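A.B. asks:
Number of protein chains: 2
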Amino acid sequence: MAAQVQEKIQLQELLRRHPADIAEVLVTLKEEEAVELLRRLYLRRAAAAPLGEMDPEEAARLLAELNREEAIHILSHMDPDDAVDLLLELPEETVRDLLSRLETRKAQMFRALLAYPPDTAGGLMSPEVLALPAHLTAQQAIEEIRRRAEELETVYYAYVVDEEKKLLGVLSLRDLVLARPETPIGAIMNREVVTLPAEMDVEEVAQLFDKYNYLALPVVDKDGHLLGIVTVDDVMDVMREEATEDLLRMSGIPSGEEAALSPPLTSVKFRLPWMMGYILLDLLVVYAVSLFEHTIAQAAVLAAFMPLIADMSGNVAAQALSVAIRGMATGEVGWRDLPRVVRKELLVGCLNGLALGAQLGLIAFLLRGNPFLGLVAAVALAGNTLVATVMGGVLPFLFKRLRVDPAMVSGPVATTLADLTGFFLFLGLGALFLRYLQ
Amino acid sequence: MAAQVQEKIQLQELLRRHPADIAEVLVTLKEEEAVELLRRLYLRRAAAAPLGEMDPEEAARLLAELNREEAIHILSHMDPDDAVDLLLELPEETVRDLLSRLETRKAQMFRALLAYPPDTAGGLMSPEVLALPAHLTAQQAIEEIRRRAEELETVYYAYVVDEEKKLLGVLSLRDLVLARPETPIGAIMNREVVTLPAEMDVEEVAQLFDKYNYLALPVVDKDGHLLGIVTVDDVMDVMREEATEDLLRMSGIPSGEEAALSPPLTSVKFRLPWMMGYILLDLLVVYAVSLFEHTIAQAAVLAAFMPLIADMSGNVAAQALSVAIRGMATGEVGWRDLPRVVRKELLVGCLNGLALGAQLGLIAFLLRGNPFLGLVAAVALAGNTLVATVMGGVLPFLFKRLRVDPAMVSGPVATTLADLTGFFLFLGLGALFLRYLQ
């Protein structure tokens, strides 16, 4: 009995928190526990909002554990755009069954939304938008908003439409509040509306929001009919995904195509071609080293340091590269900053090259007791570091100028150039000092 | 004459566009041209908004080219938070001079804002916030908003305060519009206000906005006095920077500390220690290879392929790693998805290992006409790829669990483990088939 009371208190406490917090709790529970909690939330009519805050895939997994009646009730109380994201994760027959049991108006709305690909403005929008005829006065508009406030996700903007629902202009709630009550809204609306075509790619949508700081934008079809609204919170997740795409591209995975839980064959499809290309590029290095096989045969001690030199090309290039790619992504630097970047990376490359070369030279000398080996290793790593740093920092600008994806291409090219420098120095000097290394 | 007319038309056209577009034009012009355009905008009283949309450093560079009178006029018409960001980029004496010439009220406001570190909520906020006494009615509040609409950056929220300006509650413009006109706002306000302490780190602020989808949040001091407001558009740039930080950390640069135009010595300070540590870790590989010096001396053909094997460890690990790190950053995967990730990466590692091994084996055979060399290279790269893939995908989860930065540490460890596997296989099999490789 006491345990039940305690549980009740905990539930009460949970109910007072933000849906995003409840969603966080649901995610950390084991599946049976999460379903149990969801049922309790459902009984309090508080299950819809937290599900809307969860990753759609996880939300769908939980919803599938409920019975049809529960599921339908929850779905019809979710924001339509969130509900549709969730439906997209369920098997087709489940979706068909759920839609057939939903209230007709809702079912129609969901079907219309499901028709838009999820990575377009249409797939992102909420259809519950405030559309007002142009002849209303400001006062009438405010009354209309008052009446419909419950069902609308956002009322920061109202859209003015003609009889055919074609978009004429936009009003912010602020405009309405600031206008004289008797003014017709057609006279105060802003006619220069930025609109999102329903088929616009979500990344383009995110860039528009980011650049112009909009809170919401209307979605229209080809003939200018108002279809729905995309709000800034819908866009934030897209923005985060878009902002982190360089991370994948820099590692040789095309733009945002692979997710952590993508099916293995999808991953192979994205990862393998790039690595196969990398091997071909690296054959330049294989060839360069093979020129010195005679030297290596006579001073095999050199071979032990070769993997390290190759590893360092990639590592040093990646540091400079990631700083440049990120600077480009956040808008900190562009083409006209190239001279400053070149000067900076030249200096950084020299200083780091000297330091890393000295470190490796000393280690090689101490390990093998041979000062010539130390000298050769030091000079090679210094040269390698200089080339990797400058190329890593500068190539992204050049490739971008050439309209080649800088995040994907710069790394392999910078690494290969640095490898070539490092090995020519290492093995060339090795050949020169051969008799001191044997 | 014709040219002047044309210029005028172009300026007119430009003036009709969004400040963010004008900012974009300013950024692409040469400095003299940009200053010239800025002067023309200034004459039309249209220079403040575009400067606010620019990177503060670039905006400061342009502003410094104007005379004091022009600069002061523009500064006093900018949003205060943008103006202060710009002032932070100017030399101290210039700032002192500008402040001394500004209108007293503005100068005081700017001085107060300059006192907050730029990476805190206080540094991000705008002080122009709508604070209303609790006894006003909804109608009076709307009238007050109408009166002050011009000067306020955003009026989507109004904050209710007591006589000492302590924050009591929040009202959305929507609440006001929906309330009966005669209700006191103290009765309709929401008392559970999420507030930002002035000293809160901007990254925490960004996380709050991201999680709860706020449009704006109030900033308060230790005693709960209302200081200002942070809006979602101020936070978006921080979010983009935060979201891209993994890019730097994965390459061995501590969280967001280095910008593309950081001074060279700052870059050295952040980049060098990591690379020095990397060399020490890589000594494991140096040691492993040195065990096989005798083999290499007798079959130096092996050496030519060693840099390629080392390069591939890093490349393959980076692919799996970036997918995992990004999945964690976007919230797609967490600790409980580890079993699924292990299964996935095992399969991907096997498939890619087989394919890449086959490719390299074939190439080695064709280049040297020796099937044993092909076999050795194929097996080594396959093993190396499998280990790099699984470690790259799985280590981030383990390190995160151990509270070690997964983005920074996983790459070096995964690469070293893959290197060790690759070289033991390559040189071990090389020793086994030695007489067929000579």
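Keeping their order, the protein sequence lines are chains A and B.
According to the numbering used here, the first sequence is numbered sequentially starting from 1.
According to the numbering used here, the second sequence is numbered sequentially starting from 1001.
Backbone N, C-alpha and C define an ideal beta-carbon position, used for all residues, glycine too.
Quick caveat, the model's predicted, so the values are computed rather than measured.
1) Might you give, ordered along the chain, the residues of its own chain that have their beta carbon closer than 7 angstroms to the beta carbon of Ala-407/A, omitting 5 neighbours on each side?
2) Consider the Cβ of Glu-1164/B: report whether some Cβ of chain A lies at a distance smaller than 8 angstroms.
3) Roughly how far, in whole angstroms, is the beta-carbon of Gly-252/A from the beta-carbon of Gln-1319/B, given that I think they are within contact range, below 8 angstroms?
4) Which runs of the beta strand (DSSP E) at least 3 residues long sit entirely within the segment 1184 to 1247 of chain B? Give them in chain order.
5) Of the residues Gly-393/A, Asp-97/A and Thr-231/A, which one's Cα is nearest the Cα of Leu-196/A?
6) Taking C-alpha atoms, which residue in Val-1413/B, Ile-1022/B, Ala-1216/B and Tyr-1159/B lies nearest to Leu-1283/B?
7) Ignore the nearest five residues each way along the sequence and tell me which others in Leu-1015/B's own chain have a CB closer than 7 angstroms to its CB.
8) Residues of chain C with a CB under 9 angstroms from the CB of Val-268/A: which are they?
9) Between which two residues does the alpha helix (DSSP H) carrying Val-1084/B extend?
10) When the Cα of Gly-122/A is compared with those of Pro-218/A, Asp-233/A and Ala-23/A, which residue comes out closest?
11) Mind checking who Glu-1170/B pairs with in its DSSP beta bridge?
12) Using a beta-carbon distance below 8 angstroms, is Leu-1011/B in contact with chain A?
13) Quick one, are the C-beta atoms of Ile-296/A and Leu-381/A less than 8 angstroms apart?
14) Kindly list, in the order they appear in chain A, the residues whose Cβ is closer than 9 angstroms to that of Val-1344/B.
15) DSSP state of Thr-1416/B, grouped into three classes?
16) Between Ile-1185/B and chain A, is there a C-beta pair that is closer than 8 angstroms?
17) Roughly how many angstroms separate the alpha carbons of Gln-140/A and Leu-167/A, rounded to a whole number?
18) Excluding the five sequence neighbours on either side, which residues of its own chain have a C-beta within less than 6 angstroms of the C-beta of Val-348/A, listed in chain order?
19) Is Leu-1113/B near Pro-1091/B, with beta carbons less than 8 angstroms apart?
20) Nearest to Leu-66/A by alpha carbon, out of Ile-229/A, Arg-96/A, Thr-244/A and Glu-32/A?
21) Please confirm whether Asn-447/A has its beta-carbon closer than 8 angstroms to some beta-carbon of chain B.
22) Comparing alpha-carbon positions, which option in Gln-359/A, Met-306/A and Ala-259/A lies nearest Ala-288/A?
23) Quick one: which unbroken alpha helix (DSSP H) runs of 4-plus residues sit fully inside the segment 41 to 80 of chain A? Chain order, please.
24) Determine the extent of the alpha helix (DSSP H) in which Pro-396/A is found, giving its start and end residues.
25) Any C-beta of chain A sitting closer than 8 angstroms to the C-beta of Lys-1400/B?
26) Which residue marks the beginning of the alpha helix (DSSP H) containing Leu-272/A, and which one marks its end?
27) What's the C-alpha gap between Met-1275/B and Pro-273/A?
28) Thinking just about the alpha-carbon of each residue, which of Ala-1049/B, Leu-1087/B, Val-1205/B and Leu-1062/B is nearest to the one in Thr-1120/B?
29) Kindly identify the DSSP beta-bridge partner or partners of Pro-339/A.
30) Just grab the DSSP bridge partners of Pro-133/A for me.
31) Flag this pair as yes or no: are the beta carbons of Thr-1421/B and Ala-1317/B separated by less than 8 angstroms?
32) Can you have a look at Pro-396/A and say buried or exposed, based on whether 16 or more other CB atoms are within 10 angstroms of its CB?
33) If you run the structure through DSSP and keep just helix, strand and coil, what is Thr-1330/B?
34) In whole angstroms, give me the CA-to-CA distance for Glu-203/A and Glu-257/A.
35) Do three or more CB pairs link the segment 235 to 242 of chain A to the segment 1365 to 1376 of chain B at distances below 8 angstroms?
36) If the cut-off is 7 angstroms on Cβ atoms, which residues from the segment 59 to 91 of chain A count as contacting chain B, listed in chain order?
C.D. replies: The answer reads as follows:
1) Position 407 of the first sequence, counted from the first residue, corresponds to residue 407/A. Cβ-Cβ distances below 7 angstroms link Ala-407/A to Asp-246, Arg-249, Met-250 and Ile-325 in the same chain, with the five nearest sequence neighbours on each side left out; the list follows chain order.
2) Counting from one through the second sequence, the residue named residue 1164/B turns up at place 164. So, not an interface residue.
3) Taking the first sequence and counting its residues from 1, the one referred to as residue 252/A is at position 252. Taking the second sequence and counting its residues from 1, the one referred to as residue 1319/B is at position 319. 6 angstroms between Cβ atoms; contact.
4) 1216 to 1220 and 1226 to 1231
5) As a first step, residue 196/A must be located in the first sequence, where it is residue number 196. Comparing Cα-Cα distances from Leu-196/A to each of Gly-393/A, Asp-97/A and Thr-231/A, the minimum goes to Thr-231/A.
6) Position 283 of the second sequence, counted from the start, is the residue given in the question as residue 1283/B. Per the Cα distances, Val-1413/B.
7) Numbered from 1 along the second sequence, position 15 holds the residue referred to as residue 1015/B. Arg-1044 and Ala-1046, listed in sequence order.
8) Absent from the structure: chain C. Protein chains present are A and B.
9) Locating residue 1084/B in the second sequence gives position 84, where the first residue counts as 1. From DSSP, the alpha helix (DSSP H) with Val-1084/B extends over 1080 to 1087.
10) The residue given as residue 122/A occupies position 122 in the first sequence. Closest option to Gly-122/A, Cα to Cα, is Pro-218/A.
11) As a position in the second sequence, residue 1170/B is number 170, starting the count at 1. The question names Glu, yet the displayed sequence has Val at residue 1170/B. Paired residue(s): Tyr-1159/B and Asn-1190/B.
12) By 1-based counting over the second sequence, the position of residue 1011/B is 11. Not an interface residue.
13) Stepping through the first sequence from its first residue, residue 296/A is reached at position 296. Stepping through the first sequence from its first residue, residue 381/A is reached at position 381. Not in contact: Ile-296/A and Leu-381/A (Cβ atoms no closer than 8 angstroms).
14) Residue mapping note: residue 1344/B aligns to position 344 of the second sequence, counting from 1. The question names Val, yet the displayed sequence has Lys at residue 1344/B. Here the neighbours are Ala-260, Leu-261, Ser-262, Pro-263, Pro-264 and Ser-267.
15) Within the second sequence, residue 1416/B is the residue found at index 416, counting from 1. In this structure, Thr-1416/B counts as helix in the three-state DSSP scheme.
16) Locating residue 1185/B in the second sequence gives position 185, counting from the first residue. For Ile-1185/B, the answer is no, since every Cβ of chain A falls outside 8 angstroms of its Cβ.
17) On the first sequence, residue 140/A is found 140 positions in, with the first residue counted as 1. On the first sequence, residue 167/A is found 167 positions in, with the first residue counted as 1. Cα to Cα, the separation comes out at about 19 angstroms.
18) Position 348 of the first sequence holds residue 348/A. The answer, listed in chain order, is Thr-389.
19) Numbered from 1 along the second sequence, position 113 holds the residue referred to as residue 1113/B. Numbered from 1 along the second sequence, position 91 holds the residue referred to as residue 1091/B. No, the pair does not count as a contact, with Cβ atoms beyond the cut-off.
20) Numbered from its first residue, the first sequence carries residue 66/A at position 66. Minimum Cα distance to Leu-66/A is reached at Glu-32/A.
21) Chain A is shown only over 1 to 438; residue 447/A falls outside these bounds and no answer can be derived.
22) Here residue 288/A refers to the residue found at position 288 when the first sequence is read from its first residue. When only C-alpha atoms are compared, the closest one is Met-306/A.
23) 48 to 53, 56 to 63 and 68 to 77
24) Residue 396/A sits at position 396 when you count from the first residue of the first sequence. It spans 371 to 401 - the alpha helix (DSSP H) in which Pro-396/A sits, taken as one unbroken run.
25) Position 400 of the second sequence holds residue 1400/B. Cβ-Cβ to chain A under 8 angstroms: no for Lys-1400/B.
26) For the purposes of this step, residue 272/A is identified with residue 272 of the first sequence, where counting begins at 1. Looking at the DSSP string, the run of the alpha helix (DSSP H) that includes Leu-272/A is 264 to 290.
27) Numbered from its first residue, the second sequence carries residue 1275/B at position 275. Numbered from its first residue, the first sequence carries residue 273/A at position 273. Whole-angstrom Cα-Cα distance: 29 angstroms.
28) Locating residue 1120/B in the second sequence gives position 120, where the first residue counts as 1. Comparing Cα positions, the closest option is Val-1205/B.
29) Stepping through the first sequence from its first residue, residue 339/A is reached at position 339. Beta-bridge pairing links Pro-339/A to no other residue.
30) Working through the first sequence from its first residue, we reach residue 133/A at position 133. Its beta-bridge partners are Val-161/A.
31) If you number the second sequence from 1, residue 1421/B lands on position 421. If you number the second sequence from 1, residue 1317/B lands on position 317. Not a contact, by the Cβ cut-off of 8 angstroms.
32) Stepping through the first sequence from its first residue, residue 396/A is reached at position 396. Burial call: buried.
33) On the second sequence, position 330 is the one that residue 1330/B refers to. Three-state result, Thr-1330/B: coil.
34) The residue labelled residue 203/A in the question sits at position 203 within the first sequence. The residue labelled residue 257/A in the question sits at position 257 within the first sequence. Distance between the alpha carbons of Glu-203/A and Glu-257/A is about 13 angstroms.
35) Counting Cβ pairs under 8 angstroms, fewer than three are found: no touch.
36) Taking 7 angstroms as the Cβ-Cβ cut-off against chain B, none of the residues of the segment 59 to 91 of chain A qualify.
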